[in-house]
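Everything in the sequence shown is counted per full-length UniProt numbering, starting at 1 for the first residue and increasing by one. Presented below is the structure to which this report refers.
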Amino acid sequence: MARYKPIHQGLKLLALDFDRQILPGTFEYALRHLVDNELDLEGFHQRYKNDVQGAAAFNPAALLKIILLAYSRGIISSRKIEAACRENMLFIAVSGDSQPHFTTLAAFIANAGELIAKLFAQVLLICDRQGLIGKELFAIDGVKLPSNASKEKSGTRADFLRQAERMEKAAAKIIGKHQQADASNVDEVAAKREAKQLERLQREAKQLRDWLADNPKDRQGSKGSIRLSNRTDNESAKMATSKGVVQGYTGVAAVDCHYQIIVEAQAHGTGSEQELLMPVVNATAPMRTPETVIAADNGYHSEANLKALAEAGIDAYIPDKDYRQRDERYADQSHLLIHKSIHSQLTSHLNTINTVQHS
């Protein structure tokens, strides 16, 4: 029988050069180069006030590299990221064996929103400088993502006011029963149960009253209609999806067709894609040229959007919701073939643009 050299799968003590674990041409190599050499992190450094006193802090450059590497691997839990920094050699190499606690990672993510947005703008400028953004076509699409907010806690101010009044009436009824029972024998188990129910009703009614006091107006939709609020996360929205109704956000991205660089990405607290088109298009203005083509699916089609695009002089391709029914070419085609047909048409249009530009 053939003999083979042993393969070690468990623990082994090794002397490693962290620098050599990060191979050229990989995501982590580009990440390290950008964070260490290209990005301006002064905004992060200014948040620390331990020049003379206080414990040494984790370098924000190391935290950024850890978090972005984790996200590129689909790891979004702070506890799992902490474990990776302790157990995975690539994370150890990228972070310089920093091993931050998961609470440090969570706090950094929670407090770095505006600074991260500025870094995104810096990365776009670097990509543009390297010729990675063709600016020929920006494709816009979105996805509805659930949040941690409870959809059962959605409603208008009138809905919440009625809920508070019902709870207060139920609490008053329980208090009345207690007063009647004081003069007679009563089951102690039932009395304790009703006392807990009373405490819960009074607490939830107070939470509703406090929320109503802090939010004196209903949220307004794009057409002036009332948009449902949420007492857990009032920036999120109640949205219908293919998997049912969820409470969350619509994430919309604009992607350049040259190297699939994301030039704009935001999470929006509405389920209506139509009202998000122009804000996304306007946000891409610094990266667009007069010849840039905008493409989006029929979820973004509306008369108002088409008019706004025409007034802005933007060349855009957005099918209406019934275009498949009118075009006999799509009668027997699957969604995959339809998308390929649209891609072929857009490619042909871009080839025409390139021919004109270089003639």
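Note that beta-carbon positions come from the ideal geometry of N, C-alpha and C, so glycine has one too. Given the structure is predicted, the values throughout are model-derived calculations rather than measurements.
Own chain residues within Cβ distance below 8 Å of residue i, not counting five before or after
i, result
"Ile133", "Leu124, Cys127, Asp256, His258, Tyr259, Ile261, Val263 and Met287"
"Leu137", "Asp256, Cys257, Thr292, Val293, Ile294, Ala295, Leu346 and Leu350"
Alpha-carbon spacing of residue i relative to residue j, whole angstroms
i, j, result
"Arg209", "Ala237", "21 Å"
"Ala254", "Ala139", "5 Å"
"Thr104", "Ala205", "35 Å"
"Cys85", "Ile75", "12 Å"
"Lys135", "Gly54", "48 Å"
"Lys173", "Glu114", "49 Å"
"Leu31", "Val252", "24 Å"
"Glu199", "Ile81", "40 Å"
"Met1", "His8", "21 Å"
"Ser272", "Ala316", "19 Å"
"Lys118", "Tyr4", "54 Å"
"Leu11", "Leu228", "54 Å"
"Phe58", "Pro100", "7 Å"
"Ala312", "Ala285", "11 Å"
"Ala56", "Tyr48", "10 Å"
C-beta atoms of residue i and residue j nearer than 9 Å
i, j, result
"Ile314", "His301", "no"
"Lys177", "Glu165", "no"
"Thr289", "Gly269", "no"
"Ala171", "Gln202", "yes"
"Met89", "Leu13", "no"
"Ile109", "Ile67", "yes"
"Thr232", "Ala149", "yes"
"Gly248", "Ser147", "yes"
"Asp40", "Gln122", "yes"
7 Å CB neighbourhood of residue i in its chain, flanking five on each side removed
i, result
"Ala283", "Glu264"
"Met278", "Asn305 and Ala308"
"Lys169", "none"
6 Å CB neighbourhood of residue i in its chain, flanking five on each side removed
i, result
"Val35", "Ala61, Leu64 and Lys65"
"Lys307", "none"
Cβ separation of residue i and residue j, assumed to be a contact under 8 Å, to the nearest whole Å
i, j, result
"Thr156", "Asp214", "Not really, about 15 Å apart at Cβ, beyond 8 Å."
"Leu276", "Leu212", "That belief does not hold up - the Cβ atoms of Leu276 and Leu212 are roughly 29 Å apart, past 8 Å."
"Ser72", "Phe102", "Incorrect: roughly 19 Å between the Cβ atoms, too far for contact."
"Phe44", "Gly96", "About 16 Å; that fails the 8 Å criterion."
"Leu69", "Glu28", "6 Å"
Endpoints, the beta strand (DSSP E) within which residue i is located
i, result
"Gly251", "Gly244 to Asp256"
"Glu264", "Ile262 to His268"
"Lys238", "Ala237 to Thr241"
Residue i, enclosing alpha helix (DSSP H) - first and last residue
i, result
"Tyr317", "Taken as a continuous stretch (DSSP letters only), Tyr317 belongs to no alpha helix (DSSP H), being part of the beta strand (DSSP E) at Asp315 to Tyr317."
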